[in-house]
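Counting in my numbering, the sequence shown tops out at residue 485, every number present.
The beta-carbon is built from N, C-alpha and C at its ideal position, and this holds for glycine as well.
Taking it in order: structure first as structure tokens, then the write-up.
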Amino acid sequence: MIADLHTVPGFTFNGFSVGLKEDNQLDLAIIHAEKPCAAAAAFTRNLVVAEPVKVCKKQMEDGLIQTVVINSKNANACTGEVGMKAVYEEIKRTSVVFKVAKKDVFISSTGVIGRPFPITEVLNGITLAMDGLENTAESSHATAEAIMTTDTKPKGASLQFELNGKTIHFGGIAKGSGMIHPDMGTMLSFIISDLNIKAEVLKKALNKAVDRSFNMISIDGDTSTNDTVLVLANGDAKNDLIDSIEHPDYAKVEEQLTEICIKLGQSIVDDGEGITKMITFEVQGLPTEEECRKIIRTLSTSLLVKTAFFGKDPNWGRLFAAAGRAGVDFDPDKADLFMGDNDELCLLKSGQPKTLDENLAHQILAKRDVKVKFDFHQGEAKSIGWGSDLSYDYVKINAEYTT
Numbered sequence: 083m084i085a086d087l088h089t090v091p092g093f094t095f096n097g098f099s100v101g102l103k104e105d106n107q108l109d110l111a112i113i114h115a116e117k118p119c120a121a122a123a124a125f126t127r128n129l130v131v132a133e134p135v136k137v138c139k140k141q142m143e144d145g146l147i148q149t150v151v152i153n154s155k156n157a158n159a160c161t162g163e164v165g166m167k168a169v170y171e172e173i174k175r176t177s178v179v180f181k182v183a184k185k186d187v188f189i190s191s192t193g194v195i196g197r198p199f200p201i202t203e204v205l206n207g208i209t210l211a212m213d214g215l216e217n218t219a220e221s222s223h224a225t226a227e228a229i230m231t232t233d234t235k236p237k238g239a240s241l242q243f244e245l246n247g248k249t250i251h252f253g254g255i256a257k258g259s260g261m262i263h264p265d266m267g268t269m270l271s272f273i274i275s276d277l278n279i280k281a282e283v284l285k286k287a288l289n290k291a292v293d294r295s296f297n298m299i300s301i302d303g304d305t306s307t308n309d310t311v312l313v314l315a316n317g318d319a320k321n322d323l324i325d326s327i328e329h330p331d332y333a334k335v336e337e338q339l340t341e342i343c344i345k346l347g348q349s350i351v352d353d354g355e356g357i358t359k360m361i362t363f364e365v366q367g368l369p370t371e372e373e374c375r376k377i378i379r380t381l382s383t384s385l386l387v388k389t390a391f392f393g394k395d396p397n398w399g400r401l402f403a404a405a406g407r408a409g410v411d412f413d414p415d416k417a418d419l420f421m422g423d424n425d426e427l428c429l430l431k432s433g434q435p436k437t438l439d440e441n442l443a444h445q446i447l448a449k450r451d452v453k454v455k456f457d458f459h460q461g462e463a464k465s466i467g468w469g470s471d472l473s474y475d476y477v478k479i480n481a482e483y484t485t
């Protein structure tokens, strides 16, 4: 059971069935705070942007959010003025039902693009949800389930840490299994916390966290119209207010927010459409972290790399060639390439192939989780990212799904 939201006090939530999906599946989620929260968000960089994203960028301007409404099955993207009007109707209804300011309502959608938005069902669902919110393991699980589309399972993560004797809680849920690519893909994530922090400082921490987590995952190289990561912090932990990045507690907060974002990002890749392998890419030994990231992004989106892993083929040539076209200046004659949890299989040393231990390669590639590591010996920077293989089932799933 995904029971991660209920670790955080001061919030209630649940998932509901309002008729968007068949067979009474959960399709509407609501997260509500007892008071307005410091809020920070990151959105898709796709030029084609869903109507809720357009509106909620403005909703975020004062850094306060109290109630979040998320529907699945319909993306409310490419729906024009009608879709935009629907978002404002959702905001108005939520404001009335939950007695919150309109400016403190956040709307998110995921699902099929370009279909008329079922506003009547969603508005009725918001009204019916008024007395259905709880802070329980069951309602946390239902909330995570309600935002799913092609996901095979709900996703969540939680953690807690200490700041000068105060216990801080983070709890989060996420959805996504296809159209996942660095800079975020069809991916939603909602994280709640009792941290006491200013919204503008939370935004800086989230930007750093997203760069090291959600922006470092890839399943199929596509990005979506609706990507959203939202963090709400209600201040109930009563830690010393973190009011700048110079605050002595800021670094710990950024570290822990990054950690929960990584956990949620990994859960998305692990549930990638049709995947049989989750691949961790480590790149080190370059002058800058961004150069390391560029190589990881290229590796994680290469179809030849993906299909090699699906075929359990230790094809170092595909990995090396992909790194070489990433737009990063490195000396191939200094590159080392390893595979395995402890770098036990050396495929390249100083740019030259090593004799392949086929038995060891077979053992490594028989596992679901595989690690690949490049060391270019030309700097101190390093980065990590996550990807997947590409299977027959991925093609089947997406051939049969209307996007």
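Please classify residue i: does DSSP put it in a helix, a strand, or coil?
i: G267; result: Model confidence at G267 stands at a pLDDT of 40, short of 50, so the residue's coordinates are unreliable; what they give is reported in the following sentence. Of the three classes helix, strand and coil, the one that applies to G267 here is coil, per DSSP.
i: S275; result: strand
i: D302; result: Below a pLDDT of 50, predicted positions are generally treated as unreliable, and D302, at 48, falls in that range; the measurement from the model is reported next regardless. Note: D302 maps to coil in three-state DSSP.
i: D396; result: Here residue 396 is Pro; the residue named in the question, Asp, does not match the sequence. Three-state DSSP puts P396 in coil, outside helix and strand.
i: V292; result: helix
i: C428; result: strand
i: C119; result: strand
i: L284; result: helix
i: M166; result: helix
i: V182; result: coil
i: G406; result: helix
i: I262; result: For I262, the pLDDT reaches just 45, beneath the cut-off of 50, and the residue's location in the model is therefore unreliable, leaving the point undetermined.
i: K464; result: strand
i: S99; result: coil
i: I112; result: strand
i: P435; result: strand
i: L87; result: helix
i: N297; result: helix
Assuming residue i contacts residue j under a Cβ cut-off of 8 Å, what Cβ separation, rounded to an integer in Å, is found between them?
i: H114; j: T149; result: 5 Å
i: T225; j: A122; result: That pair is no contact at about 20 Å.
i: L368; j: V311; result: Incorrect: roughly 27 Å between the Cβ atoms, too far for contact.
i: C138; j: I189; result: 6 Å
i: L385; j: L270; result: Wrong, their Cβ atoms sit about 26 Å apart, outside the cutoff.
i: T231; j: S154; result: 6 Å
Given a threshold of 16 other Cβ atoms within 10 Å of its Cβ, counted over all protein chains shown, does residue i qualify as buried or as exposed?
i: N289; result: exposed
i: K184; result: exposed
i: P414; result: exposed
i: S407; result: In the sequence under discussion, the amino acid at residue 407 is Arg, which differs from the Ser named in the question. Under this definition R407 is an exposed residue.
i: K376; result: buried
i: G92; result: buried
i: V151; result: buried
i: P396; result: buried
i: K237; result: buried
i: T249; result: exposed
i: M261; result: Confidence in M261 is poor, its pLDDT being 46 and thus under 50, which makes the residue's placement too unreliable to answer from.
i: E227; result: buried
i: T94; result: buried
i: A417; result: buried
i: G354; result: buried
i: L429; result: buried
i: A333; result: exposed
Could you give the first and the last residue of the continuous beta strand (DSSP E) run that contains residue i?
i: V454; result: D451 to D457
i: G253; result: K248 to K257
i: I361; result: M360 to L368
i: A239; result: K237 to L245
i: I189; result: V187 to S191
i: D418; result: D418 to M421
Taking residue i as part of the alpha helix (DSSP H), name the residues at either end of that continuous run.
i: I378; result: E371 to T383
i: E203; result: I201 to L210
i: Q148; result: Segment L146 to N153 is the beta strand (DSSP E) holding Q148; no alpha helix (DSSP H) there.
i: V311; result: Here V311 belongs to no alpha helix (DSSP H); instead the beta strand (DSSP E) covers T310 to A315.
i: L346; result: Y332 to D352
i: K478; result: Y474 to A481
i: T225; result: A219 to A228
i: L442; result: E440 to L447
i: E133; result: E133 to Q141
When you measure from the CB of residue i to every non-hydrogen atom of the ligand COA, does any distance come out below 7 Å?
i: I229; result: The model depicted lacks the ligand COA and carries no ligand whatsoever.
| field | Any 3 or more C-beta pairs closer than 8 Å across the stretch 112-123 and the stretch 313-331 | value | Taking 8 Å as the limit for Cβ pairs, the verdict is that the stretch 313-331 does touch the stretch 112-123.
| Would you call the stretch 133-141 and the stretch 86-101 touching, i.e. three or more CB-CB distances under 8 Å? | No contact exists between the stretch 133-141 and the stretch 86-101.
| field | Segment contact flag, the stretch 464-482 with the stretch 420-435, C-beta cutoff 8 Å, min 3 pairs | value | The count of Cβ pairs closer than 8 Å, one atom from the stretch 464-482 and one from the stretch 420-435, stays below three, leaving the stretches out of contact.
| Any chance the stretch 442-449 sits against the stretch 323-340, with 3 or more Cβ pairs inside 8 Å? | Not touching, per the Cβ criterion.
| message | Counting beta carbon pairs with one atom in the stretch 345-363 and one in the stretch 229-243, are three or more of them shorter than 8 Å? | response | Verdict: yes, contact present.
| Does the pairing of the stretch 317-336 with the stretch 163-171 give three or more beta-carbon distances under 8 Å? | No, because fewer than three Cβ pairs between the stretch 317-336 and the stretch 163-171 fall closer than 8 Å, the two stretches do not touch.
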